[in-house]
Amino acid sequence: MIRVETAERRILGNLPVLEAETVRLDQAAGRILAQDIIAEAPSPSFDSSAVDGYGITAGDTGKLRENPITLKLAGEIPAGGQLERPLRNGETVRILTGAPVPRSVATVVMQEDVEITKDGVRFSKKIAHGANIRRKGEEFGKHELILQRGQHLTSAAIGLIAKLGITTVSVSRLPRVGIITTGDEVVMPGTPLRPGQVWDSNTVSLKSALRRMGISRVYARRSGDNVSQLRRQTLALLESVDVLLVCGGVSVGDYDYTRRVFTECGVRELFWRVKIKPGKPLCFGRRDNAIVFGLPGNPASVLVAFYRFIRPALLAMMGARNPRPAFRNAFLDRKLTHTPGRVEYLRGVLGKDDTVRVLQHQDSHMLRSFAVADCLVEIPAETTGLAKNERVRVLMMDS
101 MIRVETAERR ILGNLPVLEA ETVRLDQAAG RILAQDIIAE APSPSFDSSA
151 VDGYGITAGD TGKLRENPIT LKLAGEIPAG GQLERPLRNG ETVRILTGAP
201 VPRSVATVVM QEDVEITKDG VRFSKKIAHG ANIRRKGEEF GKHELILQRG
251 QHLTSAAIGL IAKLGITTVS VSRLPRVGII TTGDEVVMPG TPLRPGQVWD
301 SNTVSLKSAL RRMGISRVYA RRSGDNVSQL RRQTLALLES VDVLLVCGGV
351 SVGDYDYTRR VFTECGVREL FWRVKIKPGK PLCFGRRDNA IVFGLPGNPA
401 SVLVAFYRFI RPALLAMMGA RNPRPAFRNA FLDRKLTHTP GRVEYLRGVL
451 GKDDTVRVLQ HQDSHMLRSF AVADCLVEIP AETTGLAKNE RVRVLMMDS
């Protein structure tokens, strides 16, 4: 049985890297960049006004620091427009937000700070030289690195790329994932239950978690407690997927065939059993360019394994710069006892004051607490308990 950190290193050190593909920018949301994005032009590409206002020269900016001044209106510059000649001392030009600021304009005064009179435009409020002007290249310069390979493409990142005039980007291909749920007792939701049967929640929860990552090519199968059937389905999926998740059959019971089938299908097992609760029987292996996880059958164990190990593995395969789980510090809302030996992950809800509320219903067969949790509270393996208000690490799910 290996430590959680050892399992994480072994997984991340034995992953294939997915190839890149080019997609339109409007299809890139949630994807991971497979290229650096370099600016071909500065932004802004010209000096522009940050406000609707009036442009004045450097000389008149200096005069305004001493006394109010009244200037003659020489014209207007709308967005996309130009001033036909340089602005002279004693003159002002109306400039709208986003309009180019000519070199002869040193400062833009907000329209709220001027008064229109019969003699012209009156300025009475002191203002700093260069105020309200967006300078060329102040956001970034030409040939500057804008986004790095491995960047997760948020809406803002996509908008930034569009601002560069780029219409397509190179991103890592999304993985193809296979799911096999094992057990004679597991049936599809909606099927009338016979005595001893349970509805399959693992396939549904895993597909949903994958969909939240943008992964839609998911192939789900069911296998009874039958070695031949599980072998056929495993071999078939290993020919077409990048990641195979098999739920159930990884412990030491009479009908736990999953590890045996993996070996018969050519999977090289890299570990089995982790010092984690829930989810101890987890196994991981690789065959050629496909990785395989053997998961316990209990629903909470499946989701703990997904957020702690599988999601980071998928992100790493897609080239994410930091695929590891997102942990943050929090403070316990109550005292906890713990049996030393395994790292335990408890479902919790993080409050605004960084206090984490540990939920009831923590058994590995229970999903009720997972349905409302937003984090997993990490209890170190060596501790016998934690006090109220003690600091802990929490793994933020879906972040």
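Residue numbers (my numbering): 101 to 499. Using N, Cα and C, we set each Cβ at its ideal position, and we do this for glycine too.
- Burial state of Gly353, where buried means 16 or more other Cβ atoms lie within 10 Å: Exposed: under 16 other Cβ atoms inside 10 Å.
- Who are the Cβ neighbours of Arg434 in its own chain at under 6 Å, not counting the five residues just before and after it? The residues Lys488, in chain order, have a CB closer than 6 Å to that of Arg434 in the same chain once the five nearest residues on each side in sequence are set aside.
- In whole angstroms, what is the alpha-carbon distance linking Phe362 and Ala320? 17 Å
- Where DSSP assigns a beta bridge to Asn429, which residues make up the other side? Arg493
- Can you tell me where the beta strand (DSSP E) with Thr281 in it begins and where it stops? DSSP places Thr281 inside the beta strand (DSSP E), whose first and last residues are Val277 to Thr282.
- Item | 6 Å Cβ shell around Arg386 - same chain, five flanking residues per side excluded | Asn114 and Arg368
- Any 3 or more C-beta pairs closer than 8 Å across the segment 376-390 and the segment 282-299: They do not touch, by the three-pair rule.
- Query: Across which residues does DSSP place Met210 in a beta bridge pair?
  - Reply: Gly153
- Query: Would the beta-carbon of Leu133 fall within 8 Å of that of Val271?
  - Reply: yes
- Item | Beta-carbon spacing of His243, Ile138 below 8 Å | yes
- Taking only runs of the beta strand (DSSP E) that begin and end inside the segment 312-393, which ones reach a length of at least 3 residues, in chain order? 318-323, 343-347, 368-372 and 383-387
- Nearest-angstrom Cα separation, counted from Gly155 out to Gly130: 42 Å
- Which class does Leu450 belong to by DSSP, given the choice of helix, strand or coil? Leu450: strand per DSSP, three-state reduction.
- Task: Just the C-alpha distance for Gln127 and Thr268, rounded to the nearest angstrom, thanks.
- Result: 9 Å
- Message: With H, G and I counted as helix, E and B as strand and the rest as coil, what does DSSP make of Glu444?
- Response: Under the three-state reduction of DSSP output, Glu444 falls in the strand class.
- Task: Sort out for me which residues DSSP pairs His252 with in a bridge.
- Result: Ile132
- Message: What does the Cβ neighbour count give for Ser323, buried or exposed, with the cut at 16 atoms within 10 Å?
- Response: buried
- Task: Over the uninterrupted alpha helix (DSSP H) stretch that includes Arg294, give me the two end residues.
- Result: No alpha helix (DSSP H) contains Arg294, which DSSP labels as neither H nor E.
- Limits of the unbroken beta strand (DSSP E) element including Met476: Here the sequence assigns Leu to residue 476, which means Met is not the residue at that position. Looking at the DSSP string, the run of the beta strand (DSSP E) that includes Leu476 is Cys475 to Ile479.
- Task: Tell me the start and end of each unbroken beta strand (DSSP E) in the segment 169-251 that is at least 3 residues and wholly inside, in chain order.
- Result: Correct list: 169-177, 191-195, 207-210, 214-217, 220-223 and 245-247.
- Going by CA-CA distance only, name the one from Glu364, Pro289 and Glu121 that's closest to Val327. For Val327, the nearest C-alpha among the options comes from Glu364.
- For Ser316, which option in Leu335, Arg273 and Val350 has the closest C-alpha, if you only look at C-alpha atoms? Minimum Cα distance to Ser316 is reached at Arg273.
- Query: Under a three-way DSSP split, which group does Val117 fall into?
  - Reply: Secondary structure of Val117 (DSSP, three-state): coil.
- Select from Ala107, Glu119 and Ala257 the residue whose C-alpha is nearest the C-alpha of Gly419. Glu119
- In three-state DSSP terms, what is Thr437? strand
- Extent of the continuous alpha helix (DSSP H) to which Arg109 belongs: Element bounds for Arg109: Val104 to Leu112.
- Query: Roughly how many whole angstroms lie between the Cα atoms of Val221 and Asp152?
  - Reply: 14 Å
- Return the Cβ separation of Ala206 and Gly230 in integer angstroms, given the expectation that the two are a contact with Cβ distance under 8 Å. About 7 Å; that satisfies the 8 Å criterion.
- Message: Under DSSP, the alpha helix (DSSP H) around Arg411 begins and ends at which residues?
- Response: Membership of Arg411 in the alpha helix (DSSP H) is indicated by the continuous run Arg411 to Met417.
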